[in-house]
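To start, the structure under review is shown below, and the notes come after it.
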C-alpha cells in the first residue's frame, strides 16, 4: 500500500477495535473491574504480566488470583497478614507460580508504602529506594546504581523519558528487595535483555494512553504518550511484517523500536494506538 492508503487503513482499524466491546474478551477487562487507582494499577500489572496463552485462560487466572485477595488488591498488598499470604499458595499460570507471586506482593507493599502510584517506579531520573536493599551487583549488565530518598514528580522533564531507560530502571528497582527469587527474573523483562518487553509495554499503554474510547485508562499524567513503544507480540509482529512496517529479521527490543518509529510516521504523538489495529488484524481477522 502507499503511505496514505496504509495510514487510512490502519486508522480505520484503530477506530474499529478501540471500542468498549474490545474489553470483554481481552485481559484489559481485569483492571476495568476496579475503580480505585491503585487497584487498577495492580490489576493491570498482573493482567499484563500473566498475558501468556489464550486470552480466556489469562482472564480466568487473573480472576482466580484476585479472588484470593478478596478482590481488593491494593488493600491486600498493604495490609496482608501471614495467614492472608497462605491463600496465595498453589497459584500458578504457565511458569508463574506462588514463589513469584509472593515476591510480587512484597514488591508492591514496598513500593506503595513510599508512593501512591506505580508510575513512579518507571521514572529513572528519580531515586525511589534505599541502595542498601540492592543485591550485590547480581548481574553487572543489568545493575543500575540508585540512591535513597522518596520519589517526586515535581522536577520531571517529559523530554528526558525514554521507554528503554524506564524499563531498564524498573527491572532493577523491582529486584532491589533482599532475597528475591532468581527464578522470578524471567517474568520481568527489559531492553538490556534484548526482549521486546511486550507485557510491560502493553501495561504502559493501558496506564498512559488517553482518549475518549474507554479502553485504555490514561491514569498517568507524567509519562508522555509519544514516548511509548508498541507492544510487539507474535500477532503484531506478523501483521507488522506483512504490512512492511518491520524489516528486522529477528524479533527483539530493536524490532519493537523499529515498528514504533514506523508508526510514528502515521501519528508521532500517539504511535501505540496502532497496537489496536495490528493486534485486531492478527487475532480477530487472522490477517
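Numbering (our numbering), first residue to last: 1 to 287.
Cβ coordinates follow ideal geometry from the N, Cα and C atoms, glycine included.
Asked	Found
Using three-state DSSP, classify residue 217 as helix, strand or coil.	coil
Can you give me the Cβ contacts of residue 142 inside the same chain, cut-off strictly under 8 Å, excluding the 5 residues immediately before and after it?	Low confidence applies here, because residue 142 scores a pLDDT of 41, under 50, leaving its location unreliable; read the following figure in that light. Result list for residue 142: 168, 171, 172, 190, 192 and 193, in chain order.
Have a look at the DSSP bridge pairing and note the partners of residue 289.	The requested residue 289 is not part of the displayed model; the chain covers only 1 to 287.
Give the DSSP bridge partners of residue 93, in chain order.	96
By Cβ distance below 7 Å, which residues in the same chain neighbour residue 57 in space, the five residues on each side in sequence not counted?	none
Which of helix, strand or coil does DSSP assign to residue 61?	helix
Quick one: what's got a C-beta closer than 6 Å to residue 94's C-beta in the same chain, skipping five residues either side?	52
How should residue 282 be labelled, buried or exposed, when 16 other C-beta atoms within 10 angstroms of its C-beta is the threshold for buried?	buried
In the region 186–272, which residue ranges form an unbroken alpha helix (DSSP H) of at least 4 residues, counting only runs that do not cross its ends?	198–208, 234–242 and 253–264
Using the Cα positions of residue 209 and residue 73, report the straight-line distance between them to the nearest angstrom.	23 Å
Excluding sequence positions up to five away, which residues of its chain have a Cβ less than 7 Å from the Cβ of residue 240?	246, 259 and 278
Between residue 90 and residue 181, what straight-line distance do the alpha-carbon atoms span, to the nearest angstrom?	17 Å
Which class does residue 25 belong to by DSSP, given the choice of helix, strand or coil?	coil
Which residue comes first and which comes last in the alpha helix (DSSP H) that contains residue 68?	Premise fails: residue 68 is in no alpha helix (DSSP H) and is neither H nor E.
If you run the structure through DSSP and keep just helix, strand and coil, what is residue 10?	helix
I need the DSSP call for residue 38, collapsed to helix, strand or coil.	helix
Is DSSP giving residue 53 helix, strand or coil here?	coil
Near residue 252, which residues of its chain fall below 8 Å by C-beta distance, leaving aside the five closest residues on each side in sequence?	194, 195 and 196
Determine the direct distance from the alpha carbon of residue 4 to that of residue 83, and round the result to whole angstroms.	59 Å
For residue 114, tell me which candidate among 16, 78, 254 and 233 has the shortest Cα-Cα distance.	78
Under 7 Å Cβ to Cβ from residue 124, same chain only, skipping five residues before and after it: list those, please.	165, 166 and 169
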